[in-house]
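J.: The sequence shown runs 478 to 1292 under the working numbering. All C-beta atoms, glycine included, are put in the ideal place defined by N, C-alpha and C.
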Amino acid sequence: MPSSATKITLNENWRLRNAGGNIDTIINFPGDVHSALLAAGLIPDPYYRDHELQLDWIHEDTWTADREFTLADSVLASHVSLFLGSVDCFARVTLNGVELVQSESQFIDHIIDLTGKLSDGANRLSIEFKSATQIAKTHAERQPFPLPYQTGNCRIPFVNHVRKTQCHAGWDWNIALMPIGIYQDIVIQRHDAVRIDALRVLQFDDDGEGPVRIEASARIYAFQDCRHSVSFDVGEHTILEACSLLKGENQVSVVLEIEDPILWWPAGQGDQHQYEVSFSIGSEKHRCRLGIRRCQVITEKDDVGSSFKFRINGRDTFMKGANWIPADALPQRITKETVRCLLQSAVDANMNMIRVWGGGQYEPDWFYDICDELGLLVWQDFMFACNIYPSDKAFLDLVREEVDQQIWRLSHHACIALWCGDNELIGALTWYEETRNDRDRYLVNYDRLNNAIGEVAIEQDPSRRFWPSSPSCGPLNFGDAWHDDKSGDMHYWDVWHSAKEFDAYRTVKPRFCSEFGFQSFPSMPLIERFTELADRNISSPVMDIHQRNSGGNARIVETIARYFRFPDNFEEMVFLSQVQQAVAIKTAVEFWRSCKPRTMGTLYWQLNDCWPVASWSSLEYGGAWKLLHYKAKLFYAPLLVSAQPDSENGDVVLWGVNDMPETRTCSLRAEKVSFSGTISQLDERKIVFETQEAQELLRLPADTLKADEFLTFTWQSEDGTFTGQNDYFPRRFKDSPIEHATVSGKWMKEADGTTVYLLTTDKPAFFVTLDLGGDTRFSDNGFTLLPGREKQLTVLTSASNEQKHPNIQLLKGCN
Ligand code: BMA
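1. Ends of the alpha helix (DSSP H) at Lys870?
2. Can you have a look at Asp509 and say buried or exposed, based on whether 16 or more other CB atoms are within 10 angstroms of its CB?
3. Of all the beta strand (DSSP E) runs that stay within the bounds of the region 643 to 721, which reach a length of 3 or more residues?
4. Can you tell me where the beta strand (DSSP E) with Asn864 in it begins and where it stops?
5. Would you list the one or two residues that DSSP bridges to Asp501?
6. Report yes if the C-beta of Trp1082 is less than 7 angstroms from at least one heavy atom of the ligand BMA; otherwise report no.
7. Going along the chain, which residues of its own chain have a beta-carbon closer than 6 angstroms to the beta-carbon of Ser643, five neighbours each way excluded?
8. Answer yes or no: do Arg832 and Asp858 have a C-beta to C-beta separation smaller than 8 angstroms?
9. Say the cut is 7 angstroms; is the CB of His968 nearer than that to a heavy atom of the ligand BMA?
10. Tell me the rounded alpha-carbon separation between Ser706 and Ser730.
11. Can you determine whether any heavy atom of the ligand BMA sits closer than 7 angstroms to the C-beta of Glu1097, and answer yes or no?
12. Rounded to the nearest angstrom, how far is the Cβ of Ser1000 from that of Val1051, given a contact under 8 angstroms?
13. Please indicate yes or no: does the CB of Trp1293 lie closer than 7 angstroms to some heavy atom of the ligand BMA?
14. Can you find the residues in the same chain that come closer than 7 angstroms, C-beta to C-beta, to Thr1036, ignoring five residues on each side of it along the sequence?
15. On a CA-only basis, which of Pro1241, Ser1095, Val1066, Ser1092 is nearest Trp1132? Give me that one, please.
16. Based on Cα-Cα distance, which residue from Val1220, Tyr1205, Thr1219 lies nearest to Ser1213?
17. Count the other CB atoms within 10 Å of the CB of His1217; is the residue buried (16 or more) or exposed (fewer)?
18. With DSSP run on the structure shown, which of helix, strand or coil describes Ile612?
19. Val855: buried (16+ other C-beta within 10 angstroms of its C-beta) or exposed?
20. Based on Cα-Cα distance, which residue from Glu1161, Asp1180, Thr1181, Asp1185 lies nearest to Leu1174?
21. Closer than 8 angstroms by C-beta to Tyr845: which residues in its own chain qualify, once you throw out the five before and the five after it? Chain order, please.
22. Ser947 and Cys897: beta carbons closer than 8 angstroms?
23. Please determine whether the Cβ atom of Trp801 lies at a distance below 7 angstroms from any heavy atom of the ligand BMA.
24. Just checking, does the region 756 to 772 make contact with the region 706 to 715 on the three C-beta pairs under 8 angstroms criterion?
25. Give the DSSP-derived three-state secondary structure of Leu1105 in the structure shown.
26. Let me confirm a value: Pro945 is counted as buried when at least 16 other C-beta atoms fall within 10 Å, else exposed. Which label applies?
27. Going by the beta-carbon positions, is the gap between Leu853 and Asn829 smaller than 8 angstroms?
28. Scan the region 1044 to 1091 and note each continuous beta strand (DSSP E) run of 3 residues or more that stays entirely inside, going in chain order.
29. Taking buried to mean at least 16 other C-beta atoms within 10 Å of its own C-beta, is Pro738 buried or exposed?
30. Report buried or exposed for Glu695, applying the criterion of at least 16 other Cβ atoms within 10 angstroms of its Cβ.
31. Using a C-beta cutoff of 8 angstroms, does Leu733 count as contacting chain C?
32. Return the bridge partner residues of Met828 from the DSSP annotation.
33. Return the residue from the list Gln838, Ser1095, Arg667 that minimises the CA-CA distance to Asp550.
34. Could you tell me the alpha carbon to alpha carbon distance between Asn927 and Leu548, rounded to whole angstroms?
35. Which value, in whole angstroms, describes the spacing of the CA atoms of Ile691 and Leu532?
36. Unbroken beta strand (DSSP E) runs of length 3 or more, entirely within the region 1107 to 1186: which are they?
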């Protein structure tokens, strides 16, 4: 993205027409055709009921956007370029009828020299978008052998032939709209003698001793042979160097050494210090911010297999997070504000990493700026997922350029922890009949693509680790990383996709679990926004359309029947789906955190949603917290105690884990509670929480809990900063004698002026939940409430100041 002085933005008021000839309206950029048509009242809301199915004509048509502009004489007298970024996808761009560029990839940006091509009167810029759907089909027909793709996910076929966000064609959580548009500002810029086309900033600190070397490289276009000085500043540190440039493209590099920099840390480990950086040559200047940190991915042979862990600034750090998908299925709605809220929610739930998943998109610059600022590390996939891809020269050439550009664009971000070749392309080699029948061919085909990506990544960014694929047991290992828990990263899907018990999570000890998930329905307030009354039934056609994983609703309902008493109505079903999702993922994460340091990371599938849908997300469309997100805040807490059954003898073991750099002394109290409400203390002790590994804190013999009892435990650090409460239920909820509880609540003013909501109950109450999915976010939700122990909640965010009595839901009594 250009960043120096004279910039003219051409975002507004483009005339948008279709080849079909029935549309003549306005589009603004960054924006997409569907959003423009919706704004003009020409199409219904694509997210409402089943409207999606009426909208395929949009991506099948050809669209032209054009507008006029004039430039001041001072601009015309100098060198002028046009920046076009994130053009989706096949676009022919003309200026005053003369072709400037044909774009073929959403992931390749264009800087086009307009010098001498502009008129001093009105200039007409025109962008013709051809149908990616039609082109994908022609490309598929040209292939020498079939390249299967996820027909179940992608309602619109052959998206694997197109360099465009793969989930645009539909996914097992996405609507299929195949959007068309341009997702960055359209900018005209004047230059003097030179233009900076790209700036890469890499940091090297190989042994962790001595100064950090910051290497800035710039791709500079010189309009004539010239000599210039380059200045590069990182905070107070500065370097000035002269360089000679030849007309055309040049690359210039300078290196600054910084002794004892102030370090950038991931969230929960320290501050996110960033240095102001600028790189200038002539009148051109690029600015960014730079967090200095040493980021290593440690994959060393050990007695289990091979480790997989992130070492940040020399500290092995357990990664806690989730997978990121594009923030909206309509690209125009992806704004800094909404994305910031989602990322902030990740950090508020004690996450320190997200994985930008390969079926989505490379996110805009500001996305990574926010991650830098929040201390959210990014596992960055390259944009390939689940399908089989071409490996012909034309395709690989495009891919190489894409990888090169994206690495240069994103290189300076402290948050980017690793580059990963793709999502699940190794698994895909066994998913299709064609690939199973001729694995040699498809393996070689895959390796050509993977190698092309890897070669560019390693060459262009030697400072970061390139990991071939997610999941992967390791480089050139094409084994089953869905079931191998000894090496590399793992996607463990047996509970959702194979309907195994939640306990199955405790049968594997991944080194790093980069995907595992369980679905739930979005909240009632959100369901009400896309349904009519008659649709509010779990098997209505509209609920089916807002569920994209084949058999997904059946899996939710069937699992509810396994673990809970069956709900009486739709609203209860929706609530229970969120309870069970939270229980599933809590089971997995708590166990895997208790396996630290064998396991060193868990990223559940998935953080967010891009339209209102039943899915694995913990934040529903619009950003409201599902119950899982409330639970994530607790199961990702820096200091955690969880109870794990010992599979050998049935003992219940309390495990403690401390992810902070220093030990903490805490008091721990364990009690057993009968479902009718009698509480008896089992143990109380002081414990020093170590930092490097999870530790066994307390072992309760198998017969400690009677059939009508469960375990509850609390902990508190000496200084009172870290407190927590957790439970353990030895039997399924449907088998437990849960009694009918009456929960009452009232708003109260504390002495210090804060307003709290105070809750009490007559019987143990489980998953007590206030206002699911509404605008109000509480300090906790979905908690256990015991008689005689009130609970105070504070409101963290709210759309209004009005203190309404919240809607309270809880697990229904079985007795
Ligand atoms: C994963 C992802 C996605 C998918 C999810 C749920 O493995 O990589 O492809 O959406 O599973 O099925």
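T.: Looking at the atomic coordinates:
1. Position 393 of the sequence shown holds residue 870. Run containing Lys870: 870 to 887, per the alpha helix (DSSP H) assignment.
2. Residue mapping note: residue 509 aligns to position 32 of the sequence shown, counting from 1. Asp509 is buried by the Cβ-count criterion.
3. 664 to 668, 671 to 681, 689 to 699, 703 to 711
4. Residue 864 sits at position 387 when you count from the first residue of the sequence shown. Per DSSP, Asn864 lies in no beta strand (DSSP E) segment and is marked neither H nor E.
5. Taking the sequence shown and counting its residues from 1, one reaches residue 501 at position 24. Note: Asp501 sits in a beta bridge opposite Arg494.
6. Taking the sequence shown and counting its residues from 1, the one referred to as residue 1082 is at position 605. For the ligand BMA, at least one heavy atom lies less than 7 angstroms from the Cβ of Trp1082.
7. Stepping through the sequence shown from its first residue, residue 643 is reached at position 166. Reading off the sequence shown, one finds Gln at residue 643, where the question assumed Ser. Around Gln643: Val636, Gly836, Ala862.
8. Along the sequence shown, read from residue 1 onward, the residue named residue 832 stands at position 355. Along the sequence shown, read from residue 1 onward, the residue named residue 858 stands at position 381. In contact: Arg832 and Asp858 (Cβ atoms closer than 8 angstroms).
9. Residue numbering aside, residue 968 sits at position 491 when the sequence shown is read from its first letter. Relative to the ligand BMA, the nearest heavy atom lies less than 7 angstroms away from the CB of His968.
10. By one-based count along the sequence shown, residue 706 stands at place 229. By one-based count along the sequence shown, residue 730 stands at place 253. Approximately 12 angstroms between the Cα atoms of the pair.
11. Residue numbering aside, residue 1097 sits at position 620 when the sequence shown is read from its first letter. Incorrect: Glu1097 has no Cβ contact closer than 7 angstroms to the ligand BMA.
12. Taking the first residue of the sequence shown as 1, we reach residue 1000 at position 523. Taking the first residue of the sequence shown as 1, we reach residue 1051 at position 574. Going by Cβ atoms, the distance from Ser1000 to Val1051 rounds to 7 angstroms, so yes, they are a contact pair.
13. An answer regarding residue 1293 cannot be provided, because it is not within the stretch 478 to 1292 covered by the chain.
14. Position 559 of the sequence shown, counted from the start, is the residue given in the question as residue 1036. Here the set comprises Gln1057.
15. In the sequence shown, the residue the question calls residue 1132 occupies position 655. Ranking the options by Cα distance to Trp1132, first place goes to Val1066.
16. By 1-based counting over the sequence shown, the position of residue 1213 is 736. Out of Val1220, Tyr1205, Thr1219, Tyr1205 has the C-alpha closest to the C-alpha of Ser1213.
17. In the sequence shown, the residue the question calls residue 1217 occupies position 740. Result: exposed.
18. The count along the sequence shown starts at 1 and reaches residue 612 at position 135. In the structure shown, Ile612 sits in a helix (DSSP, three-state: H, G or I).
19. Position 378 of the sequence shown, counted from the start, is the residue given in the question as residue 855. Label assigned to Val855: buried.
20. Locating residue 1174 in the sequence shown gives position 697, where the first residue counts as 1. If we check each option's Cα against that of Leu1174, Glu1161 comes out closest.
21. Walking along the sequence shown from the start, residue 845 turns up at place 368. Cβ within range, chain order: Val855, Leu887, His890, Cys892, Ile893.
22. Position 470 of the sequence shown, counting from 1, holds the residue named residue 947. Position 420 of the sequence shown, counting from 1, holds the residue named residue 897. Going by C-beta atoms, Ser947 is nearer than 8 angstroms to Cys897.
23. For the purposes of this step, residue 801 is identified with residue 324 of the sequence shown, where counting begins at 1. Incorrect: Trp801 has no Cβ contact closer than 7 angstroms to the ligand BMA.
24. Because the criterion of three Cβ pairs below 8 angstroms is met, the region 756 to 772 and the region 706 to 715 touch.
25. Along the sequence shown, one-based indexing puts residue 1105 at 628. If DSSP states are grouped into helix, strand and coil, Leu1105 belongs with the helices.
26. Position 468 of the sequence shown, counted from the start, is the residue given in the question as residue 945. Looking at its Cβ environment, which holds 16 or more other Cβ atoms inside 10 Å, Pro945 is buried.
27. Translated into the one-based positions of the sequence shown, residue 853 becomes position 376. Translated into the one-based positions of the sequence shown, residue 829 becomes position 352. A contact, by the Cβ cut-off of 8 angstroms.
28. 1078 to 1081
29. Position 261 of the sequence shown holds residue 738. Burial call: buried.
30. Here residue 695 refers to the residue found at position 218 when the sequence shown is read from its first residue. The identity of residue 695 in the sequence shown is Ala, whereas the question assumes Glu. By the 10 Å Cβ count, Ala695 comes out buried.
31. Annotation note: the requested chain C is absent from the structure, which comprises a single protein chain.
32. On the sequence shown, position 351 is the one that residue 828 refers to. Its beta-bridge partners do not exist; DSSP assigns none.
33. To locate residue 550, count along the sequence shown from 1; it is residue 73. In terms of CA proximity to Asp550, Arg667 leads the group Gln838, Ser1095, Arg667.
34. Here residue 927 corresponds to residue number 450 of the sequence shown, with the count starting at 1. Here residue 548 corresponds to residue number 71 of the sequence shown, with the count starting at 1. Computed Cα separation, rounded: 45 angstroms.
35. Counted from its first residue, the sequence shown places residue 691 at position 214. Counted from its first residue, the sequence shown places residue 532 at position 55. Each residue's Cα considered, the two are about 50 angstroms apart.
36. 1116 to 1122, 1129 to 1135, 1141 to 1151, 1156 to 1166, 1172 to 1177
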